[in-house]
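These notes concern the structure reproduced below.
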Amino acid sequence: MTRRTLQVGELLREELTDIIRREVKDPRVGFMSITNVDVTPDLRSARVFVSVLGTDQEREKTLDALRSAAKFIRFHLKPRLRMRQIPDLEFRDDRSMEYAEQISATLREIKQSQAPPATGEAESSPLSGKDNA
Numbered sequence: 188m189t190r191r192t193l194q195v196g197e198l199l200r201e202e203l204t205d206i207i208r209r210e211v212k213d214p215r216v217g218f219m220s221i222t223n224v225d226v227t228p229d230l231r232s233a234r235v236f237v238s239v240l241g242t243d244q245e246r247e248k249t250l251d252a253l254r255s256a257a258k259f260i261r262f263h264l265k266p267r268l269r270m271r272q273i274p275d276l277e278f279r280d281d282r283s284m285e286y287a288e289q290i291s292a293t294l295r296e297i298k299q300s301q302a303p304p305a306t307g308e309a310e311s312s313p314l315s316g317k318d319n320a
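The sequence shown begins at 188 in this note's numbering and counts up by one.
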């Protein structure tokens with residue numbers, strides 16, 4: 188990605204977050220955050236990655252609401268961006284936070300299974316510094 192597409196993506200992420208929070212009144216939109224926006228090199232389309240807190244059903248409802256509000260959102264983007272053409276918006280589910288939590292939980296389980304022996308066993312160890320005589 189070029190510097191320009193990265194800048195436009197970050198600007199879009201900030202503005203989309205604000206527009207969705209303030210302007211989109213659809214009750215299907217649940218607690219969500221925009222995690223990333225990938226813009227094509229020609230700046231004509233943008234993939235908007237959305238992380239939704241809730242069940243799979245709530246996630247689908249939120250994505251459906253955002254997809255149906257895409258034209259409304261683009262309309263509100265126009266005065267905020269100094270661009271000739273506002274990119275088409277494609278909302279996608281981003282489960283990377285969910286996967287990261289699963290990986291963290293697995294690592295915690297592994298760490299706990301490899302925990303050192305209980306303190307009572309460590310005292311009788313020859314490495315504990317006590318005289319064994």
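Using N, Cα and C, we set each Cβ at its ideal position, and we do this for glycine too.
Annotation: VAL195 is outside any beta strand (DSSP E); the continuous alpha helix (DSSP H) that includes it extends over 190-209.
Contact between ASP275 and SER220 is absent: CB atoms are separated by about 21 Å, not below the 8 Å threshold. Separation of VAL237 and ARG191 (C-alpha to C-alpha, rounded to the nearest whole angstrom) is 22 Å. Taken through DSSP and simplified to helix, strand or coil, PHE236 comes out as strand. Secondary structure of THR222 (DSSP, three-state): strand. Separation of SER283 and VAL224 (C-alpha to C-alpha, rounded to the nearest whole angstrom) is 14 Å. Fewer than three Cβ pairs drawn from the region 283-302 and the region 243-263 lie within less than 8 Å of each other, which leaves the two stretches out of contact.
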